[in-house]
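> Chains V and Z are the protein sequences, given in the same order.
If you read the first sequence in the working numbering, its first letter stands for residue 4, the second for the next number, and so on.
If you read the second sequence in the working numbering, its first letter stands for residue 14, the second for the next number, and so on.
One structure follows; several queries about it will come next.
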Amino acid sequence: MKPQAQSAHAQPLDDGRIFFSLWVLISSAAAAQASVESMLDNGLLSTLLWTTLYAWGIRTSHLSDVRGTAQQKQWSDLAGAAGLSAFLFGALLLQNVLSALIVLLLWLQLALALRMGGKRDAYFSIATSFVLLLFGSANSKSELFLLFIAVYSLACVYALIQLYAMACRNRATGNAVLRHPIPIDGLALTAGILAIAAAVYLFMPRPPAAHVGAFMVHGGTDYSDRDWQREAKTGETDEQGDQESNKSSAGNPGGERPIETAGNKDRATPRPASDFDYQGFDESFDITSPGAGRQSNAIALYVQALGPLYLTGRVFDKFDGLSWSASDQADTKHLLEGGRLQLLPTRSQTGIQQIIEVAIPLQQTLFAASQVASLGFPGPVVAEDSYGALRAPKRLQPGTVYQVESMWHSDLGRPAHRSGEPGSIEPYLQLPQRHDPAITELAQRVAGDTEQPLQQAIALEQHLRSEYAYSFESVFTSQNRTPLTEFLFQTRRGHCEYFASAMAIMLRTLDIPARLVTGFSATNYNPMTGYYEARLLDGHAWVEAWLPPHGWVLFEPTAFYPLPANNTEEPSTADALDRYIQELARVAEMTEPDTLHSDWLQAVKRAVTFIRQVFNRLLTGLIDGLSEIARRWGSGIVLATLALALVGFVLHRLRRPLLDLAGHYKIKRARRRDSGTLIRICYLEAEKWLQRRGVGRDTSSTVEEYAQQVGAQEPLHGEPLNALARLFIQARYSKHALAAEQAQDSYRAFLALTESKRASSQ
Amino acid sequence: MNTPVEARFERWLSRLNLGFALPVVAVLLFLIAWNRGITLLYGMFALVVGTLVFGYTSPRFNLRGVTVRRTHPASVNEGEQFTLALELEKTGLRPLYMLEVVDRIPFAGDQGQAPMAFIERMQGRRRVELPTRVWLRGEHRLGPLRVASGYPLGIRRVERTLASSESSILVYPSTFPIHGLALTGSTQSPLTGSRAVTLSGASERFLGVREYRHGDSPRHIHWPSSARTGGLVVKEYEFINTTNLFIVLDLAAAALFGEQQESTLEYAVKIAASVARFALEEGHGVGILGLGDQPHEVQVGHGMGHFQHILELLARVQADGKLSYRAAVHRAVSRMPRGGILLLFDSPPLEPAHEPERYELHQHHIRPLWVRFDTESFRFPLRRAPRHRAAQATSIYWVRRGDDLSRVFSA
Numbered sequence: 004m005k006p007q008a009q010s011a012h013a014q015p016l017d018d019g020r021i022f023f024s025l026w027v028l029i030s031s032a033a034a035a036q037a038s039v040e041s042m043l044d045n046g047l048l049s050t051l052l053w054t055t056l057y058a059w060g061i062r063t064s065h066l067s068d069v070r071g072t073a074q075q076k077q078w079s080d081l082a083g084a085a086g087l088s089a090f091l092f093g094a095l096l097l098q099n100v101l102s103a104l105i106v107l108l109l110w111l112q113l114a115l116a117l118r119m120g121g122k123r124d125a126y127f128s129i130a131t132s133f134v135l136l137l138f139g140s141a142n143s144k145s146e147l148f149l150l151f152i153a154v155y156s157l158a159c160v161y162a163l164i165q166l167y168a169m170a171c172r173n174r175a176t177g178n179a180v181l182r183h184p185i186p187i188d189g190l191a192l193t194a195g196i197l198a199i200a201a202a203v204y205l206f207m208p209r210p211p212a213a214h215v216g217a218f219m220v221h222g223g224t225d226y227s228d229r230d231w232q233r234e235a236k237t238g239e240t241d242e243q244g245d246q247e248s249n250k251s252s253a254g255n256p257g258g259e260r261p262i263e264t265a266g267n268k269d270r271a272t273p274r275p276a277s278d279f280d281y282q283g284f285d286e287s288f289d290i291t292s293p294g295a296g297r298q299s300n301a302i303a304l305y306v307q308a309l310g311p312l313y314l315t316g317r318v319f320d321k322f323d324g325l326s327w328s329a330s331d332q333a334d335t336k337h338l339l340e341g342g343r344l345q346l347l348p349t350r351s352q353t354g355i356q357q358i359i360e361v362a363i364p365l366q367q368t369l370f371a372a373s374q375v376a377s378l379g380f381p382g383p384v385v386a387e388d389s390y391g392a393l394r395a396p397k398r399l400q401p402g403t404v405y406q407v408e409s410m411w412h413s414d415l416g417r418p419a420h421r422s423g424e425p426g427s428i429e430p431y432l433q434l435p436q437r438h439d440p441a442i443t444e445l446a447q448r449v450a451g452d453t454e455q456p457l458q459q460a461i462a463l464e465q466h467l468r469s470e471y472a473y474s475f476e477s478v479f480t481s482q483n484r485t486p487l488t489e490f491l492f493q494t495r496r497g498h499c500e501y502f503a504s505a506m507a508i509m510l511r512t513l514d515i516p517a518r519l520v521t522g523f524s525a526t527n528y529n530p531m532t533g534y535y536e537a538r539l540l541d542g543h544a545w546v547e548a549w550l551p552p553h554g555w556v557l558f559e560p561t562a563f564y565p566l567p568a569n570n571t572e573e574p575s576t577a578d579a580l581d582r583y584i585q586e587l588a589r590v591a592e593m594t595e596p597d598t599l600h601s602d603w604l605q606a607v608k609r610a611v612t613f614i615r616q617v618f619n620r621l622l623t624g625l626i627d628g629l630s631e632i633a634r635r636w637g638s639g640i641v642l643a644t645l646a647l648a649l650v651g652f653v654l655h656r657l658r659r660p661l662l663d664l665a666g667h668y669k670i671k672r673a674r675r676r677d678s679g680t681l682i683r684i685c686y687l688e689a690e691k692w693l694q695r696r697g698v699g700r701d702t703s704s705t706v707e708e709y710a711q712q713v714g715a716q717e718p719l720h721g722e723p724l725n726a727l728a729r730l731f732i733q734a735r736y737s738k739h740a741l742a743a744e745q746a747q748d749s750y751r752a753f754l755a756l757t758e759s760k761r762a763s764s765q
Numbered sequence: 014m015n016t017p018v019e020a021r022f023e024r025w026l027s028r029l030n031l032g033f034a035l036p037v038v039a040v041l042l043f044l045i046a047w048n049r050g051i052t053l054l055y056g057m058f059a060l061v062v063g064t065l066v067f068g069y070t071s072p073r074f075n076l077r078g079v080t081v082r083r084t085h086p087a088s089v090n091e092g093e094q095f096t097l098a099l100e101l102e103k104t105g106l107r108p109l110y111m112l113e114v115v116d117r118i119p120f121a122g123d124q125g126q127a128p129m130a131f132i133e134r135m136q137g138r139r140r141v142e143l144p145t146r147v148w149l150r151g152e153h154r155l156g157p158l159r160v161a162s163g164y165p166l167g168i169r170r171v172e173r174t175l176a177s178s179e180s181s182i183l184v185y186p187s188t189f190p191i192h193g194l195a196l197t198g199s200t201q202s203p204l205t206g207s208r209a210v211t212l213s214g215a216s217e218r219f220l221g222v223r224e225y226r227h228g229d230s231p232r233h234i235h236w237p238s239s240a241r242t243g244g245l246v247v248k249e250y251e252f253i254n255t256t257n258l259f260i261v262l263d264l265a266a267a268a269l270f271g272e273q274q275e276s277t278l279e280y281a282v283k284i285a286a287s288v289a290r291f292a293l294e295e296g297h298g299v300g301i302l303g304l305g306d307q308p309h310e311v312q313v314g315h316g317m318g319h320f321q322h323i324l325e326l327l328a329r330v331q332a333d334g335k336l337s338y339r340a341a342v343h344r345a346v347s348r349m350p351r352g353g354i355l356l357l358f359d360s361p362p363l364e365p366a367h368e369p370e371r372y373e374l375h376q377h378h379i380r381p382l383w384v385r386f387d388t389e390s391f392r393f394p395l396r397r398a399p400r401h402r403a404a405q406a407t408s409i410y411w412v413r414r415g416d417d418l419s420r421v422f423s424a
């Protein structure tokens, strides 16, 4: 008999396969966490450490009984104590509660693994590892994290299956339990779950992020500056602008060198060497050598926003033919309260939320879509220049997260804003001293007869986008000292600073106030992580033209870059993924055409394109075919469908009587034949007749058993079917021919069987 | 953790199942992903949804192409262990995972409701043998067989009842040994002199031959032996004092006290079977009668072959009658020849059957043998009243719940 029932969750884990699944599960969670935030600054080492420790813990638990040994308890307690100590150390001394919590969870997982005895421990282990994975998901910006999620989920499914199998075995205790080394259809299970998950992931519409109760600000870097804070408190305006001081950099935990930007200093002063510096974010820059920073294509910023954005870094209004600078150097310091700053008192338009995470050390510029209404930043003070651009007191360090709400609008189908509304338009109409009149002629010719500034600007934009080529090479090789003329009339190729400068000057020649803006183009959306990735190569320059009443309207003269469109149509993840891969391949093709990385991306692009083409052709063909059929034979199809439905309904209702009639007819015909045949047909028809009434014969039942079972279920049928079964067995197995009288008996039995149903129903 | 909190936590945990937990996790993941715009969490959400969908659809496909057939002996004795075999077959290329076979076995207690077999993986044919013990006599219907699967996660458990998978098994009542019972020595013995008269209940059996002694009846001279030996030789007979025993069961629903095996009916059936076997082994004739929903009767007969008929009747009887016990006694008396013994069951506080029938029994020279149940002990098992004083004083067999019947009937 069954042993006394045990509490379901206290059942001991009796299977090595469960321990193995749990080890994979918790190890994958630890590895996922290590890939995001390694305490040892080395993901691989951290992964190896924890997987080894967990393997030891799980194996120890597996080899001991459910209660565990005293030594196990000691080790487990020690792991718990280590976790608690690490948590207190991290939370109190390093002031990093989140990381400390993660370390605590990792140690607790080890403590749990060392005393893994019952089903409840397994569930706790799953829950703990799930929390670890959630932390990782919230912080990861890598699409590879999806792989960890998939491995974790499958390990979790396998562990849960084993636990379910264990429950089944316990339920059947005392009875027959047949075990198997591999009780899982691994291939079908994995493929099935992944296929469904992929379909859901790729094609499920995702609503825009609500950000309810979420104010994303995260630092880890000391962004305080006493001078700036003092200025903010006194309300002084710094006419010269500020740069990061040597004094303030002393407290910089990142140890970054202070920047000496050009500003009001001599332009010949050498800039600090940095792989990531782009001069376009300084106070002035030379369009022929905007910086070596863009040689790398590393991701500089992760941007979470509802749509693609241009993140403004600097605004320039003064051009001397070679360099851009700002005519107004003044800036205003703002103190943040609780990490928040409200720049616009009321919201007149719908704000655009951006959560921006810095991925590499950058200049002080706080990149954000123009006209910042509110800012959340992990520092006490920021500066705002006359054009509405924001700066931090120190260089931005990786891991810094800040949140911005900007007031973009798109009356004209392109972004526009009123940030840095000009008191006077003079600075924005200023031309270089050695301005080439050919440029003015070109601008007038391109603008044509239209008097509308907007139409003129669009014409110039289209002209530059269509007639000039974008070249990365020109980014790295300086051209001559009269770059715009060279660019417009000779080389006709260049990087974005040439395009933007050319358009700004050409607009000014048409008396349209214009300025050049540098920043990041955050238009490449990675659907796997949900972030717009602003890479160093996305450090960009574009044009803003003052077109009342719309304000500053953005123009993108560089064909390589798409202007952020006000696209309300939300693409599916599959489409977004396609676009992302196409974009990566496009950039790789231009920047590193002969490298393995580029080849690999091209291959992925071709594969995706092929799959999409096949899918599109199938879908298109199906839709076209159906449309054509509907066009040609639409009414006929509807009528035929209705007729078929009617016939189907009638047949469904009449199926049984018709089949009964057919059975009777078959038997009547068989009466002309020999007795054995008639008896066989009578029995087989009787069986079919019963089957139509839901009393089918199981393949494992003999004829006699079937007759007995029918008799038990339907007593009226039992006797005639028994008689039929006896005759049928004789007819089938007897060596002697059966008499005609026996054939008549079988016929009578068949009639009695079918009549009995009628009688019983009456 | 103190005990009440732990117990409450345990109860809360026991209510948790994946069918509830996974949708909750999926909803939470979706809400977090939506609120924070974390696309990776949409990936986790998709995997949980994928698991849920797979968990809900897979069990139905898993049960396709399964057939199970049960085999067992047609009849067994109560308390006896027999082998219940399940022959499983899975058609198709895809193996079957985590199959539970559930059979309804009414006589096997809790075990009958538990899965008879759990098979982690199966393809082709498998045979599962399960030793089963029968605890209750009767004609039992087994099945229908059900196959169930919750593969892979048990989120949804699909169960399919297999058509035509019922069968029946006849469980004979168990017996206890009786070493001695006063079935003979009746004052109304039909025997007179040294020869059995032609009344029921007595016979003589040829024992051998011996030399003639004075006074021997010339009728018993064995002439062929006398001729061969040259002296008178007589046949010698062994006198066998046998009688007819008729057992009258009380099958009135009102006379049933107790439950299941611990009921007056089951005790009566066990006593009847044991007494019948003892009597038949002793050479007496035994018949049995009970008036249930329909009359159950086996005429008086001899030999162990006859015992099989009695057992079949005893296996099937139920306390479903409406007629009084007196009617059954009356009918039994009318069936009996003069002389013999009636085994009667009495269940106070019901009206005693023997008082009104005493005269009738006397008239037919029938000796009653009473079995009286202590019905209080059957109705209230926790009460343990002392044995009735009358039990020691008279020849009535007093039976209480839990008595060792072998001792009671050997006293």
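C-beta: ideal position from N, C-alpha, C; glycine also.
Judging by CA-CA distance, which residue of V:Ser140, V:Gln77, V:Ala35 and V:Ala168 is the nearest neighbour of Asp18 of chain V?
Counting from 1 along the first sequence, the entry for residue 18 of chain V is found at position 15. Ranking V:Ser140, V:Gln77, V:Ala35 and V:Ala168 by Cα distance to Asp18 of chain V puts V:Ala168 first.
> When you compare each of V:Ile363, V:Ala371, V:Glu340 and V:Gly341 to Gly354 of chain V by their alpha carbons, which one comes out closest?
Looking up residue 354 of chain V in the first sequence gives position 351. With distances taken between Cα atoms, Gly354 of chain V lies closest to V:Ala371.
> DSSP three-state label for Arg343 of chain V, please.
As a first step, residue 343 of chain V is located in the first sequence; it is residue number 340 there, counting from the start. Note: Arg343 of chain V maps to strand in three-state DSSP.
> Whole alpha helix (DSSP H) runs in the region 442 to 515 of chain V with 4 or more residues, listed along the chain?
456 to 470, 476 to 479, 486 to 489 and 499 to 512
> Can you name the start and end residues of the alpha helix (DSSP H) that Glu688 of chain V belongs to?
As a first step, residue 688 of chain V must be located in the first sequence, where it is residue number 685. Start and end: Ser678 to Gln694.
> With a threshold of 7 Å between beta-carbons, can Ile105 of chain V be considered close to chain Z, or not?
Start at 1 with the first residue of the first sequence, and residue 105 of chain V comes out as number 102. By this cut-off, Ile105 of chain V is not an interface position.
> Report the start-end ranges of each beta strand (DSSP E) in the region 240 to 281 of chain Z that is 3 residues or longer and not cut off at the edges.
246 to 253 and 257 to 262
> Under the assumption that Phe731 of chain V contacts Ile682 of chain V (Cβ atoms under 8 Å), give the Cβ distance between them as a whole number of angstroms.
Taking the first residue of the first sequence as 1, we reach residue 731 of chain V at position 728. Taking the first residue of the first sequence as 1, we reach residue 682 of chain V at position 679. For a cut-off of 8 Å, the C-beta gap from Phe731 of chain V to Ile682 of chain V is around 6 Å, short enough to register as a contact.
> What is the DSSP secondary structure of Lys321 of chain V, counted as helix, strand or coil?
Position 318 of the first sequence holds residue 321 of chain V. If DSSP states are grouped into helix, strand and coil, Lys321 of chain V belongs with the strands.
> Please classify Lys335 of chain Z: is it buried, with 16 or more other beta-carbons within 10 angstroms of its beta-carbon, or exposed?
In the second sequence, the residue the question calls residue 335 of chain Z occupies position 322. Answer is exposed; the Cβ neighbour count stays below 16.
> Count the other CB atoms within 10 Å of the CB of Ile61 of chain V; is the residue buried (16 or more) or exposed (fewer)?
One-based indexing of the first sequence puts residue 61 of chain V at position 58. When all chains shown are included, Ile61 of chain V counts as buried.
> For chain Z, check one thing: does any of its Cβ atoms lie closer than 7 Å to the Cβ of Phe479 of chain V?
As a working mapping, residue 479 of chain V is identified with position 476 in the first sequence. Since pLDDT at Phe479 of chain V reaches only 42, below the 50 mark, its modelled position is unreliable, and the value read off the structure follows with that caveat. It does not; no Cβ of chain Z falls within 7 Å.
> In the region 149 to 175 of chain Z, which residues sit with their C-beta less than 7 Å from some C-beta in chain V, listed in chain order?
Gly163, Pro165, Leu166, Gly167 and Leu175
> Tell me the residue span of the alpha helix (DSSP H) that contains His153 of chain Z.
As a first step, residue 153 of chain Z must be located in the second sequence, where it is residue number 140. Where His153 of chain Z is concerned, there is no enclosing alpha helix (DSSP H), although the beta strand (DSSP E) it sits in stretches over Gly151 to Leu155.
> Can you say whether Gly651 of chain V is buried or exposed, counting buried as having 16 or more other CB atoms within 10 angstroms of its CB?
Working through the first sequence from its first residue, we reach residue 651 of chain V at position 648. By the 10 Å Cβ count, Gly651 of chain V comes out exposed.
> Let me check understanding here. Comparing Cα to Cα, which of V:Phe23, V:Ser24, V:Trp26 and V:Gly46 lies closest to Ala34 of chain V?
Residue numbering aside, residue 34 of chain V sits at position 31 when the first sequence is read from its first letter. Distance check between Ala34 of chain V and each of V:Phe23, V:Ser24, V:Trp26 and V:Gly46 places V:Gly46 closest, using alpha-carbon atoms only.
> What residues of chain V sit near Phe120 of chain Z, judged by a beta carbon separation below 9 Å?
Here residue 120 of chain Z is taken as the residue at index 107 of the second sequence, counted from 1. Ordered by position in chain V, no residue passes the 9 Å Cβ test against Phe120 of chain Z, which lies about 13 Å from the chain.
> For the beta strand (DSSP E) containing Gly121 of chain V, list its first residue and its last residue.
One-based indexing of the first sequence puts residue 121 of chain V at position 118. Taken as a continuous stretch (DSSP letters only), Gly121 of chain V belongs to no beta strand (DSSP E), as it is neither H nor E.
> How close, in whole Å, do the beta carbons of Pro516 of chain V and Leu432 of chain V come, if the pair is a contact with beta carbons under 8 Å?
Sequence index remark: in the first sequence, residue 516 of chain V carries index 513 (1-based). Sequence index remark: in the first sequence, residue 432 of chain V carries index 429 (1-based). Beta-carbon to beta-carbon, Pro516 of chain V and Leu432 of chain V are separated by about 6 Å, close enough to satisfy the 8 Å threshold.
> What residues from chain Z crowd round Val407 of chain V, counting only those whose CB sits closer than 7 Å?
The residue labelled residue 407 of chain V in the question sits at position 404 within the first sequence. Here the premise fails: no neighbours, minimum Cβ distance about 15 Å.
> Measuring CB to CB, does Glu113 of chain Z end up less than 7 Å from Ala59 of chain Z?
As a first step, residue 113 of chain Z must be located in the second sequence, where it is residue number 100. As a first step, residue 59 of chain Z must be located in the second sequence, where it is residue number 46. Contact flag unset, no.
> What are the boundary residues of the beta strand (DSSP E) that includes Asp80 of chain V?
The sequence position of residue 80 of chain V within the first sequence is 77, counting from 1. Segment Ala73 to Leu91 is the alpha helix (DSSP H) holding Asp80 of chain V; no beta strand (DSSP E) there.
> What do you get for Lys103 of chain Z, buried or exposed, if any count of 16 or more other CB atoms within 10 angstroms of its CB means buried?
By 1-based counting over the second sequence, the position of residue 103 of chain Z is 90. The residue is buried, with at least 16 neighbouring Cβ atoms inside 10 Å.
> Taking only three categories from DSSP, how would you classify Asn529 of chain V?
Stepping through the first sequence from its first residue, residue 529 of chain V is reached at position 526. In this structure, Asn529 of chain V counts as strand in the three-state DSSP scheme.
> For Pro256 of chain V, which residues in the same chain have their Cβ closer than 7 Å to its Cβ, ignoring the five residues on either side in sequence?
Residue mapping note: residue 256 of chain V aligns to position 253 of the first sequence, counting from 1. Because the pLDDT of Pro256 of chain V is 35, which lies under 50, any placement of that residue in the model is unreliable, and the number read from its coordinates should be weighed accordingly. Thr224 and Asp225, listed in sequence order.
> Answer with buried or exposed for Ala179 of chain V, where buried requires no fewer than 16 other C-beta atoms within 10 angstroms of its C-beta.
Stepping through the first sequence from its first residue, residue 179 of chain V is reached at position 176. When all chains shown are included, Ala179 of chain V counts as buried.
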